[in-house]
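Visitor: Residue numbering for the sequence shown is 54 to 189, as defined by our numbering.
Cβ atoms here follow ideal geometry from the backbone N, Cα and C, with glycine treated the same way.
Structure in structure tokens, see below.
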Amino acid sequence: MSKKFLLTAFCKDRPGIVADISQVIYENECNLEDSAMTNLAGEFAILLLFSSMSAENNVDLQEKLSGECRRLERDKGITAFIRPVSSEKPEFKTDSGTAIYSMTILVELPKKLSPESIEEKLNRIGDQLNVDVSID
């Protein structure tokens with residue numbers, strides 16, 4: 054039975070992006086099934102549906118492909134995400150394995166403010182902005 058995956062990727066538009074991404078699919082013995090590509094304000098964006106008949110289980114193959122996504126970002130400047138496509142239950146959470154952007158802020162709170170109340174308020178704002186907030 055084939056395993057299906059969805060890859061989304063984007064980077065500054067330049068020649069060779071499709072070759073870089075399709076090489077990952079080819080080298081992992083996967084088959085391209087469908088694609089959509091566009092240029093958004095100078096950024097190239099691609100969505101690929103591909104499958105694998107590999108004997109590897111889904112988790113191992115997904116981890117291997119996620120590692121390839123990290124390599125694409127590191128070596129080629131292409132931010133890419135891989136998710137399995139399930140016919141049983143769709144899952145829409147995405148994770149590239151690396152933070153796209155991280156910010157650390159050191160603050161000193163006035164004594165009248167509790168860290169818990171600040172964290173609660175920041176989490177509400179984070180939910181609205183679709184960002185993760187953590188306080189250590």
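On the DSSP letters alone, give me the boundaries of the alpha helix (DSSP H) that R124 sits inside.
Guide: Note, R124: alpha helix (DSSP H), 111-124.
Visitor: Tell me the rounded alpha-carbon separation between S105 and L118.
Guide: Near 11 Å, if we compare the C-alpha coordinates of L118 and S105.
Visitor: Under a Cβ-count criterion, where at least 16 other Cβ atoms within 10 Å of its own Cβ denotes burial, should L159 be classed as buried or exposed?
Guide: Per the 10 Å Cβ criterion, exposed.
Visitor: Span of the beta strand (DSSP E) holding D66?
Guide: From DSSP, D66 is part of no beta strand (DSSP E); its letter is neither H nor E.
Visitor: Counting only the same chain and skipping the five closest in sequence on each side, list residues whose C-beta sits under 6 Å from that of K129.
Guide: D73, listed in sequence order.
Visitor: By the DSSP assignment, the beta strand (DSSP E) with R127 in it spans what residues?
Guide: That residue, R127, is in no beta strand (DSSP E); it is neither H nor E in DSSP.
Visitor: Excluding five sequence neighbours on each side, which residues of the same chain lie with their C-beta closer than 8 Å to the C-beta of A98?
Guide: Only T61, A62, F63, M90, T91, N92 meet the Cβ criterion.
Visitor: Rounded to the nearest angstrom, what separates P163 and I178 at their Cα positions?
Guide: Those two C-alpha atoms are separated by around 20 Å.
Visitor: Name the two residues that bound the continuous alpha helix (DSSP H) containing L175.
Guide: First-last of the alpha helix (DSSP H) with L175: 168-182.
Visitor: Alpha carbon to alpha carbon, how far is I171 from M156?
Guide: Computed Cα separation, rounded: 17 Å.
Visitor: Does R124 pass the burial test, meaning 16 or more other C-beta atoms within 10 Å, or should it be called exposed?
Guide: R124 is exposed by the Cβ-count criterion.
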